[in-house]
Amino acid sequence: MKVLIIIPTYNERENLPALATQILDQHDYQVLVVDDQSPDGTGAVADALAARYPGRLHVMHRTGERGLGLSYLDGFRWALGTDADLICQMDADLSHDPRYLPDLVAAAADHDIVLGSRYLNGVSVVNWPLRRIILSSFANAYVRTITGLTTRDSTSGYRCWRRAALERLDLARFLSHRYAFMVETVFEIARLGGRVGEVPIIFIERRQGASKMSGRVLLESMVMPWRLVIRNRGRVGRRGGGTP
Ligand SMILES: Nc1nc2c(ncn2[C@@H]2O[C@H](COP(=O)(O)OP(=O)(O)OP(=O)(O)O)[C@@H](O)[C@H]2O)c(=O)[nH]1
Ligand SMILES: [Mg+2]
Numbered sequence: 169m170k171v172l173i174i175i176p177t178y179n180e181r182e183n184l185p186a187l188a189t190q191i192l193d194q195h196d197y198q199v200l201v202v203d204d205q206s207p208d209g210t211g212a213v214a215d216a217l218a219a220r221y222p223g224r225l226h227v228m229h230r231t232g233e234r235g236l237g238l239s240y241l242d243g244f245r246w247a248l249g250t251d252a253d254l255i256c257q258m259d260a261d262l263s264h265d266p267r268y269l270p271d272l273v274a275a276a277a278d279h280d281i282v283l284g285s286r287y288l289n290g291v292s293v294v295n296w297p298l299r300r301i302i303l304s305s306f307a308n309a310y311v312r313t314i315t316g317l318t319t320r321d322s323t324s325g326y327r328c329w330r331r332a333a334l335e336r337l338d339l340a341r342f343l344s345h346r347y348a349f350m351v352e353t354v355f356e357i358a359r360l361g362g363r364v365g366e367v368p369i370i371f372i373e374r375r376q377g378a379s380k381m382s383g384r385v386l387l388e389s390m391v392m393p394w395r396l397v398i399r400n401r402g403r404v405g406r407r408g409g410g411t412p
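Reading the sequence shown from the start, the letters are residues 169 to 412 in this note's numbering.
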């Protein structure tokens, strides 16, 4: 199985080298860094890593409108142009420990998408203030209630796709430019009858760099579940998608 991991970056120069090294020194995987012209020079750091890991670490320097969802759409298109069998996603800020990658890869044998879930065994987060835990738990409950998805952590950015599942998605159809992209992609694959799985992860809050969460991001995330069910005239549960 050829595994490609897409890592979107915006101002992650302190974090990216450690993450890339951990992934590439321990696993026979490939990495695509999608940088949005980070003002802190993450793009140049990524280029230096590409020189250190030739043919294994690739860099896309995006221009135009910045956004996590937009970066993943470009990353998916690039990935589908390679011979990767599994396409994974993870954050650059070391919140997603690469030690779980083999679990995600293994579970992708019988799922179309596997989510690294913080909420399978209670709440598995390290160094999160209570308000952040409440916000994230609320967001997931909100998404489940409105969309009919049954997954515990549909907002997780740590995940692994089977190539065939990604090929089924109509990438031109996506509405989310930012973080709501995470929920929208799970909704879409469940709507198409895809098998959605989850494996437990322990999430560690970033130590370096700043979060890109903002009021605008939260607003998009509040509105998106409604847009999804209105556009599709129904929740995924009624259509038989999602995990049982
Ligand atoms: N290419 C690109 N990457 C982004 C953008 N916004 C965020 N990212 C990356 O997406 C990942 C998740 O962003 P974070 O800021 O860590 O968001 P978060 O994990 O919800 O927030 P924290 O818990 O505060 O870290 C990180 O790798 C970011 O560098 C963007 O506009 N473009
Ligand atoms: Mg983060």
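Think of the CB as a built atom: it goes at the ideal place given N, C-alpha and C, for glycine as much as any other residue.
These numbers come from a predicted model, not from an experiment.
Closer than 8 Å: S389 CB and nearest ligand 2 heavy atom: no
Where I174 falls: helix, strand or coil (DSSP): strand
Close-in-space but distant-in-sequence residues of the same chain around A252 (CB under 8 Å, 5 per side omitted): K170, V171, L172, Q198, R331
R336 beta carbon near ligand 1 (any heavy atom closer than 8 Å): no
S208 beta carbon near ligand 2 (any heavy atom closer than 8 Å): First, the residue type needs correcting, since residue 208 is Asp and not Ser in the sequence shown. Flag unset: Cβ of D208 not near ligand 2.
Option nearest G316 by Cα separation, candidates V351, G377, V227: V351
Chain-ordered list of residues that sit, by beta carbon, closer than 7 Å to a heavy atom of ligand 2: D259, D261, S263, R374, S379
When F244, V364, S285, E180 are compared against A340, the one with the closest alpha-carbon: F244
Proximity winner among S382, V201, E373, F349, relative to L225 (alpha-carbon distances): V201
From L334, S344, M392, residue whose alpha carbon lies closest to that of V311: M392
CA nearest to the CA of Q257, picked from I174, T210, H345, S304: I174
Ordered list of alpha helix (DSSP H) runs contained in the segment 290-361, each at least 4 residues: 298-315, 331-336, 349-359
Meets three-Cβ-pair contact criterion under 8 Å: the segment 210-217 and the segment 179-190: yes
Proximal residues to V294 (C-beta, below 6 Å), its chain only, five neighbours per side dropped: I372
Burial state of D280, where buried means 16 or more other Cβ atoms lie within 10 Å: buried
Member of T231, V273, L238, S263 whose CA lies at the smallest distance from the CA of H195: V273
Exposed unless 16 or more other CB atoms sit within 10 angstroms - verdict on A142: An answer regarding residue 142 cannot be provided, because it is not within the stretch 169 to 412 covered by the chain.
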